[in-house]
Amino acid sequence: MELRARLEEICDKIDGYHPNPDLDTLRDAFEFACAKHEGQSRKSGEPYVSHPVEVIDIIADLHLDVASLVAGLLHDTVEDTDTTVDDLRERYGEDVAFLVDGVTKLSKFRFNTREERQAENIRKMIIAMSKDLRVILVKLSDRLHNMRTLKHMPRHKQERIARETMDIYAPLAHRLGINWVKTEMEDLSFRYLHPEEYFDIAEKVSASKEERNAFIEEVTGMLRDMLQEHGIEPEINGRPKHLWSIYRKMRDQQIEFEQVYDLLAFRIIVDEPNECYEALGHVHRMWKPIAGRFKDYISIPKPNGYQSLHTTVIGPYKERVEIQIRTREMHKIAEEGVAAHWLYKEGKAVPDEDDQQFAWLHRLMEEHQDHDDPREFLESVKIDLFHDEVYVFTPEGDVLEFPQGATAVDFAYGIHTEVGHQCSGAKVNGKIVPLKYELQNGDIVEVMTTENQRPNKDWLQFVKTGRARTKIKKAVRQEQRERSRELGRELLNKELKKHGTNVSALERDEELTELVEGSHFGSVDDMLADIGYGKTEVDDIVDKLFPPQEEDESPATAEKSMSRLGDLWNRITSQQQENAGVVVGGIDDIMVTYAQCCNPVPGDDIVGFVTRGRGLSVHTRDCDRVAHLEKARQIDVEWDKDATDENAARRAVDIRVHSADKQGLLANMSQAFSAAGVNISQAHCTTSDDQRAINTFQVLVNNVDQLNRAMKNLEKIKGVYRVERK
Ligand code: MN
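Under numbering that gives the first Met the number 0, read the sequence shown as residues 0 to 725, first letter to last.
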């Protein structure tokens, strides 16, 4: 069809729902788009402008305002022609410019590339949605038309676009409650993602078409006659379920096409809500309902606003049929979703914070602020936005939505963060259940709280929502940090006592603040926490506060002692960069200290011991003390992969060498260390009258192999009797 005629056809459609549309501006935008895309064509060979024209046909089906329609016509001009956003602003105003800019940006996103980029893109999309929902509605229309014409694309692009549509855009349409866009997107994606299965099911559905149409007519007729008898004038239609939902049923239940019952869904549309329940009663009297399949989404609407009664009955010929009953108004919302909300109202479509329908969007917005790690964010969005959901009730009858598999703890966090933190038990339908109980549709859930309860790290093993996961991690981290800080303060106080002072006094005199300012620590609290975590040695901090005095105050030694302090500072810094270095059950932010008695080095066989209040103390497995430690509190730990790396931070170990008291031996020893790549940080020698010497070295090593190498080198030196690791 000639494009102008097609445009007029769409204008008629707009006239049908919009009270006074500015169609002249729309026609002007059409001419503008034609001029700009002049000479460009689609893969199908049609002039390019046919695409934006068909996009606005979809936008008109969504009953959107004129700004959205104009933006739909112009949505590719900024990307594909010399038009700028400023040009559009000047010609069509701020709204259109904003929408086209938004859609252009969304079009550049790829949702299936590297995870981090993907996360960032989804984040931007959610922000764009919360600013103006029309952006995403225009984008959905654009994508739907591209899916309808996907056959002209090369194979590899078909797959990528279909995957992205299935993973991101169809769930978004579902979330926004626009059912027809969701189902069409799913079936179109299905066709390109699993062509064999798609055509197989499509063929089977159409093979039984005649038979089915007769059945549909029979059921429809029976329902109409029966309801009219009771004074209800219903609108009834029946249709096969969409192909993707049939396929999903086959796949999820591992059944053949022939075993899929209720392939047909009937819809009874009435005038009044009370007629819905009345009609349901009559249907159940005529045909036996299947237990457990009745759902009342009228008294408890789905979070996306959907309302309807659902039931499955055993109809004529013992066929199962699904029946949905709703009013005309509910039907409109079921099909149009969010678009039914403001219709032709002009102006920005910013979702109202109080509107239940957008609670999920606000929650996502609020939540993403808690995520520093884009991958964590992505994980939480994928779970919260793109999962099958279960609906459960609070004791007050409010409905809450959760991803499939969510637990009582997820529910508690869904109510409120504090309820989650303090939750100590749960009752479902009046019975006490374990905290990891998986919520089922229709459960009435009550959370029991205890004031002293704290979030448990074990909960991370079973919670499903991003919200609960984030909040628990944060709380656990915070608590560990607080404990570490207290411990750090305690440890530092103990040392400071020798110098006649304490942390509070130094804080008062701002000495600690000064010390921290010249260091890598962000704050005094950071420093105390690092001491508590065992990342920083107390001695190093004390040395920094009270530099060890040399007897001789000559400038030369002063300088020397300055450079020694410099070394010390470097050491503190390098230890800071080290993470704890061991992994416990996959959690790497646990507070870890290395036992002084055996001083384990990466590569040593190790075991962890849960101390009271000092986190985890790590011993070598053959340490004498391990045998005396309570068995119940020993846990398996492993070195972090990176900890044994050559680039990892080094650990300090003491080596004692028994040797002859002989000139030049010390030089040989230090050579033995450096040959193994080991640095000496401290050395101490004592000699006895019988010409023997005991040399104690503190050395920095990467791992146990390196240490053993150094010890072997030492043993080879003539005059060395014995080498031992302390
Ligand atoms: Mn486009």
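Cβ atoms here follow ideal geometry from the backbone N, Cα and C, with glycine treated the same way. Remember, it's a predicted structure, so these values are computed and weren't measured experimentally.
Reference residue i; option with closest CA among the options
i: residue 592; options: 650, 533 and 622; result: 533
i: residue 74; options: 55, 255, 163 and 446; result: 55
i: residue 324; options: 725, 272, 18 and 315; result: 272
i: residue 429; options: 392, 492 and 269; result: 392
i: residue 99; options: 303, 68, 108 and 122; result: 68
i: residue 250; options: 197, 215, 294 and 528; result: 197
i: residue 438; options: 148, 474, 390 and 7; result: 390
i: residue 170; options: 157, 530, 184 and 697; result: 184
i: residue 682; options: 256, 103, 697 and 446; result: 697
i: residue 239; options: 388, 209 and 600; result: 209
i: residue 53; options: 81, 459 and 139; result: 139
i: residue 122; options: 164, 137 and 104; result: 104
i: residue 161; options: 174, 135, 190 and 10; result: 190
For residue i, the three-state DSSP class (helix, strand or coil)
i: residue 554; result: Reliability of the predicted coordinates at residue 554 is poor, the pLDDT of 46 falling under 50, and the value obtained from them is presented with this limitation in mind. Three-state DSSP puts residue 554 in a helix.
i: residue 293; result: coil
i: residue 672; result: helix
i: residue 560; result: Because the pLDDT at residue 560 is just 44, under 50, the model does not fix this residue reliably, and the value given afterwards should be weighed accordingly. Correct three-state label for residue 560: helix.
i: residue 141; result: helix
i: residue 504; result: helix
i: residue 694; result: strand
i: residue 286; result: coil
i: residue 653; result: strand
i: residue 678; result: strand
i: residue 235; result: strand
i: residue 244; result: helix
i: residue 309; result: strand
i: residue 683; result: strand
i: residue 47; result: coil
i: residue 93; result: helix
i: residue 388; result: strand
i: residue 593; result: strand
i: residue 323; result: strand
i: residue 196; result: helix
i: residue 425; result: strand
i: residue 536; result: coil
i: residue 126; result: helix
i: residue 252; result: helix
i: residue 716; result: coil
i: residue 520; result: coil
i: residue 37; result: coil
i: residue 214; result: helix
i: residue 262; result: coil
i: residue 402; result: strand
i: residue 62; result: coil
i: residue 606; result: strand
i: residue 445; result: strand
i: residue 177; result: coil
i: residue 699; result: strand
i: residue 619; result: strand
i: residue 662; result: coil
Any non-hydrogen atom of the ligand MN within 7 Å of residue i CB
i: residue 50; result: yes
i: residue 74; result: yes
i: residue 100; result: no
i: residue 141; result: yes
Expected contact under 8 Å - CB spacing of residue i and residue j to nearest Å
i: residue 634; j: residue 724; result: Not a contact, Cβ separation roughly 24 Å.
i: residue 226; j: residue 278; result: 6 Å
i: residue 76; j: residue 32; result: 6 Å
i: residue 408; j: residue 462; result: 5 Å
i: residue 703; j: residue 607; result: Going by Cβ atoms, the distance from residue 703 to residue 607 rounds to 17 Å, so no, they are not a contact pair.
i: residue 57; j: residue 193; result: Not confirmed; about 25 Å, so no contact.
i: residue 537; j: residue 530; result: 6 Å
i: residue 649; j: residue 701; result: 6 Å
i: residue 85; j: residue 66; result: Not quite, the Cβ-Cβ distance comes to about 17 Å (not below 8 Å), so this is no contact.
i: residue 469; j: residue 435; result: Going by Cβ atoms, the distance from residue 469 to residue 435 rounds to 18 Å, so no, they are not a contact pair.
i: residue 137; j: residue 180; result: Residue 137 to residue 180, Cβ: 12 Å. No contact.
Distance cut-off 7 Å: residue i Cβ against heavy atoms of the ligand SAH
i: residue 667; result: For the structure depicted, the ligand SAH is absent and the ligand set comprises only the ligand MN.
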